[in-house]
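To start, the structure under review is shown below, and the notes come after it.
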Amino acid sequence: MSEAANFIWYELMTSDPAGAASFYGAVVGWTIAAQGEATAGGVDYRMIGRSDGGNAGGVLGLNADMLAGGARPIWLGYLHVADVDAAVAAIETDGGSVQMSAMDIPVGRIAMVTDPQGAPFYIMDPVPPPGMEGMESDVFSVTEAQHMRWNELATSDPDAAIAFYKKHFGWGQEGEMPMGEHGTYRFIQRGDVGLGAVMPLLEGYPAPIWSFYIGVDDIDRAHAAVTANGGTVTNEPMEIPGGEYAMNGIDPQGASFGLVGPRK
């Protein structure tokens, strides 16, 4: 593949894990436990199961202390690094910030950081499950339903953001699509695989943020399920290059998300 960083995990931080399980089960087809198992730190964490038996990520329940501290429902991505502590130091040197200091968990070492414009994400050096050493994470897929299929950064300084991710994570940037008065939609790659895009921060985005598009089997079925299950559609399905459709929404707890898939 490439030595460049991959998105190896996605995490939904939410105030109502059971409600999120019901919502994403109906919209995407995921299976998320109705009740979580507390981790060693007392945190409610649940795996997101796909129909093929794999995992799409995890759900972190926000407790009262987290909410009081300002945490809010959000999707976050994890980027693989070989050395979390060195990556944290380099990111801070280049203007990023640390939201959660590096720490060890049973499945690896992680930290939460922001890029210099303020978009948050995790970095992680994982401990692979037994028998899976050297294998690529499959939570991101360009084509498959129930996987994340597209990673989109809305930022106040696209040029600086692209330079940052190129330097620290080895990505490329080739190709773009004009968005009229909204600027340019610039595609980013990991090796020869299209990861997503970087775009200017538009009206309605309060701060730079990564948005993630979940693959669905039928965009119209998923669209109907969003509203039927308490979510809000913020952008209606729109045809994208290749003939599929993408849309955006907000789940019942307030986390924004995207969907992408065919129209059947």
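Numbering (the UniProt record's numbering) for the sequence shown: 1 to 264. All C-beta atoms, glycine included, are put in the ideal place defined by N, C-alpha and C.
Taking 8 angstroms as the cut-off, the Cβ atoms of I48 and V59 count as close.
Note on G215: 16 or more other CB atoms within 10 angstroms of its CB, so buried under the neighbour-count rule.
Distance from the CA of G170 to the CA of L153, rounded to the nearest whole angstrom, comes to 16 angstroms. When DSSP states are grouped into helix, strand and coil, V107 belongs to the coil group. Distances from the CA of T234 to each of Q253, F212, A228 and F257 were compared; the closest alpha carbon is that of F257.
C-alpha of A225 to C-alpha of A26: approximately 6 angstroms in a straight line.
Taken through DSSP and simplified to helix, strand or coil, I240 comes out as coil. For H80, the enclosing beta strand (DSSP E) stretches over residues I74 to H80.
Between H223 and P241, the C-beta gap is not smaller than 8 angstroms, which leaves the two residues out of contact. Around the beta carbon of T155, a 10 Å sphere encloses 16 or more other beta carbons of the protein chains shown; the residue is thus reported as buried.
Around the beta carbon of A56, a 10 Å sphere encloses 16 or more other beta carbons of the protein chains shown; the residue is thus reported as buried. Following the DSSP letters along the chain, one finds P126 inside the beta strand (DSSP E) bounded by residues P120 to P126. Rounded to whole angstroms, the gap between the alpha carbons of G204 and S22 is 27 angstroms. Contact between V198 and R190 fails: their C-beta atoms lie close to 14 angstroms from each other, not under 8 angstroms. Three or more beta-carbon pairs separated by less than 8 angstroms link the segment 116 to 132 to the segment 156 to 163, which places the two stretches in contact. As the crow flies, the alpha-carbon of L12 is around 11 angstroms from that of Y78.
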